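What follows is a set of notes on a single structure, which appears directly below.
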Amino acid sequence: MLVVKSPEKLTKSIVELKSKGKKIGFVPTMGFLHKGHLSLVRKSKKECDFTVVSIFVNPTQFGPKEDLSRYPRNLRRDSQMLRKAKVDFLFFPSANDIYPKGFCDFVNPGPLAKGLCGAKRPGHFRGVATVVNRLFQIVPANVAYFGQKDFQQARVIQDMVERFQIPTKIRICPIVREKDGLAMSSRNVYLSKSERIRAKSLSGSLRHAARLIRQGARNPAKIRAEMMRILKSNTDKIDYAAIVDSKRLRAQKHLKNTCLIAVACFVGKTRLIDNILVRV
Ligand code: AMP
Numbered sequence: 041m042l043v044v045k046s047p048e049k050l051t052k053s054i055v056e057l058k059s060k061g062k063k064i065g066f067v068p069t070m071g072f073l074h075k076g077h078l079s080l081v082r083k084s085k086k087e088c089d090f091t092v093v094s095i096f097v098n099p100t101q102f103g104p105k106e107d108l109s110r111y112p113r114n115l116r117r118d119s120q121m122l123r124k125a126k127v128d129f130l131f132f133p134s135a136n137d138i139y140p141k142g143f144c145d146f147v148n149p150g151p152l153a154k155g156l157c158g159a160k161r162p163g164h165f166r167g168v169a170t171v172v173n174r175l176f177q178i179v180p181a182n183v184a185y186f187g188q189k190d191f192q193q194a195r196v197i198q199d200m201v202e203r204f205q206i207p208t209k210i211r212i213c214p215i216v217r218e219k220d221g222l223a224m225s226s227r228n229v230y231l232s233k234s235e236r237i238r239a240k241s242l243s244g245s246l247r248h249a250a251r252l253i254r255q256g257a258r259n260p261a262k263i264r265a266e267m268m269r270i271l272k273s274n275t276d277k278i279d280y281a282a283i284v285d286s287k288r289l290r291a292q293k294h295l296k297n298t299c300l301i302a303v304a305c306f307v308g309k310t311r312l313i314d315n316i317l318v319r320v
């Protein structure tokens, strides 16, 4: 595995490989890797000739009161995991490499960024769209792999790629969970033992909602009320519990097609998100 810090060097290598007809897969991450990240790496390894993983804790997607400075980092462990997974390139840029002096190419994240996490984390998806656009300039991959765990993020990126006609295909991969249902996340290390137990309620509320839909429930307000009941008694603050259509991420009066059921809650001081897609 080649560890590359310089954007120019990486771009040169990727362009060269592509000119030889090689298919490039790209997995952007913020590091502190877990099995969720590795599932994206595996998918890329399976579908592409070369796999690039980036590790960059992107400051522009964190709000002023969020956890940028304490976001977990462990480059040594991450690179061991990626080496073992036979990743070809690890891109580990500095903030200056991504945002050189005078940087002004901020990206409007578009209409899909308005609701859900976008409403609760102002500027978050602007930061995400900006960094991913910049990463796609540096790594002009054939396919980029994103997790359904951050479904809104993946949809915002799919929409950006369409609007900007970026020739990278976006693949959304399933959520990898702990045995008890908790979605894997780098932020799970923040949880104390008792918070970790209460955190199960996020996936629990999603499963309950999905069950209600499978049993014929179609009124989102009623389903949401059931979710709120579970979340209220187990979490410390609910940012949202929402049922929206999976394409435009808008609320529906009567559920149809494929719905995204999504939650964001604080357990202690840790903000957790999770979601499930249900075909109605
Ligand atoms: P992050 O490092 O949290 O920015 O995540 C990097 C990528 O890994 C994003 O596309 C996430 O959606 C994806 N990811 C994070 N957690 C999981 C998970 N539990 N299962 C699948 N993908 C995930």
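Letter by letter, the sequence shown follows residues 41 to 320 of this note's numbering. Ideal Cβ positions, reconstructed from N, Cα and C, are used throughout, including at glycine. Given the structure is predicted, the values throughout are model-derived calculations rather than measurements.
What separation, rounded to the nearest whole angstrom, lies between the Cα atoms of residue i and residue j?
| i | j | result |
| --- | --- | --- |
| residue 139 | residue 147 | 13 Å |
| residue 311 | residue 203 | 30 Å |
| residue 43 | residue 55 | 17 Å |
| residue 59 | residue 68 | 22 Å |
| residue 207 | residue 180 | 8 Å |
| residue 198 | residue 214 | 16 Å |
| residue 61 | residue 46 | 23 Å |
| residue 113 | residue 226 | 9 Å |
| residue 320 | residue 255 | 10 Å |
| residue 267 | residue 141 | 46 Å |
| residue 244 | residue 297 | 23 Å |
| residue 135 | residue 294 | 45 Å |
| residue 211 | residue 184 | 6 Å |
| residue 236 | residue 273 | 14 Å |
| residue 119 | residue 261 | 45 Å |
| residue 250 | residue 299 | 10 Å |
| residue 49 | residue 143 | 20 Å |
| residue 72 | residue 110 | 12 Å |
| residue 285 | residue 248 | 18 Å |
| residue 123 | residue 51 | 21 Å |
| residue 153 | residue 258 | 25 Å |
| residue 156 | residue 102 | 16 Å |
| residue 246 | residue 79 | 22 Å |
| residue 205 | residue 186 | 18 Å |
| residue 234 | residue 145 | 43 Å |
| residue 41 | residue 209 | 24 Å |
| residue 176 | residue 190 | 18 Å |
| residue 275 | residue 151 | 29 Å |
Cβ of residue i less than 8 Å from any chain D Cβ?
| i | result |
| --- | --- |
| residue 85 | Of the protein chains in this structure there is only one, and it is not chain D. |
Could you give the C-beta distance for residue i and residue j, rounded to a whole number, given that I count them as a contact under 8 Å?
| i | j | result |
| --- | --- | --- |
| residue 316 | residue 304 | About 14 Å; that fails the 8 Å criterion. |
| residue 270 | residue 241 | 5 Å |
| residue 301 | residue 182 | About 32 Å separates the two Cβ atoms, so there is no contact after all. |
| residue 222 | residue 194 | Not really, about 20 Å apart at Cβ, beyond 8 Å. |
| residue 192 | residue 158 | 7 Å |
| residue 308 | residue 232 | 7 Å |
| residue 100 | residue 171 | 6 Å |
| residue 125 | residue 81 | 5 Å |
| residue 57 | residue 90 | 6 Å |
On the DSSP letters alone, give me the boundaries of the beta strand (DSSP E) that residue i sits inside.
| i | result |
| --- | --- |
| residue 65 | 64–69 |
| residue 209 | 209–213 |
| residue 131 | 129–131 |
| residue 312 | 310–319 |
| residue 282 | 277–285 |
| residue 301 | 298–307 |
| residue 42 | 42–44 |
Counting only the same chain and skipping the five closest in sequence on each side, list residues whose C-beta sits under 7 Å from that of residue i.
| i | result |
| --- | --- |
| residue 277 | 305 and 306 |
| residue 252 | 263 and 266 |
| residue 229 | 112 |
Which same chain residues end up closer than 6 Å to residue i when comparing Cβ atoms and leaving out the 5 residues on each side of it in sequence?
| i | result |
| --- | --- |
| residue 149 | 165, 166, 169 and 196 |
| residue 77 | 69 |
| residue 174 | 138 |
| residue 66 | 92, 179, 181 and 184 |
| residue 121 | 73 |
| residue 107 | none |
Name the two residues that bound the continuous alpha helix (DSSP H) containing residue i.
| i | result |
| --- | --- |
| residue 165 | 164–178 |
| residue 86 | 75–87 |
| residue 52 | 47–59 |
| residue 191 | 191–203 |
| residue 274 | 260–274 |
| residue 94 | First-last for residue 94: 90–95, but that is the beta strand (DSSP E), not the alpha helix (DSSP H). |
| residue 184 | Note, residue 184: premise wrong, no alpha helix (DSSP H); beta strand (DSSP E) at 183–187. |
| residue 150 | Run containing residue 150: none; DSSP gives neither H nor E here. |
| residue 119 | 115–124 |
| residue 244 | 240–254 |
| residue 257 | Counting along the chain, residue 257 falls outside any alpha helix (DSSP H), and DSSP gives it neither H nor E. |
| residue 156 | 156–160 |
By Cβ distance below 8 Å, which residues in the same chain neighbour residue i in space, the five residues on each side in sequence not counted?
| i | result |
| --- | --- |
| residue 160 | 279, 280 and 304 |
| residue 217 | 223, 224 and 243 |
Nearer than 7 Å: is that true of the beta carbon of residue i relative to any heavy atom of ligand 3?
| i | result |
| --- | --- |
| residue 223 | With respect to ligand 3, the structure offers nothing, as its ligand set consists of ligand 1. |
Do the segment 86–98 and the segment 127–137 touch if we need at least three Cβ pairs shorter than 8 Å?
yes
Is there contact here, the segment 79–88 with the segment 280–297, by at least three beta-carbon pairs under 8 Å?
no
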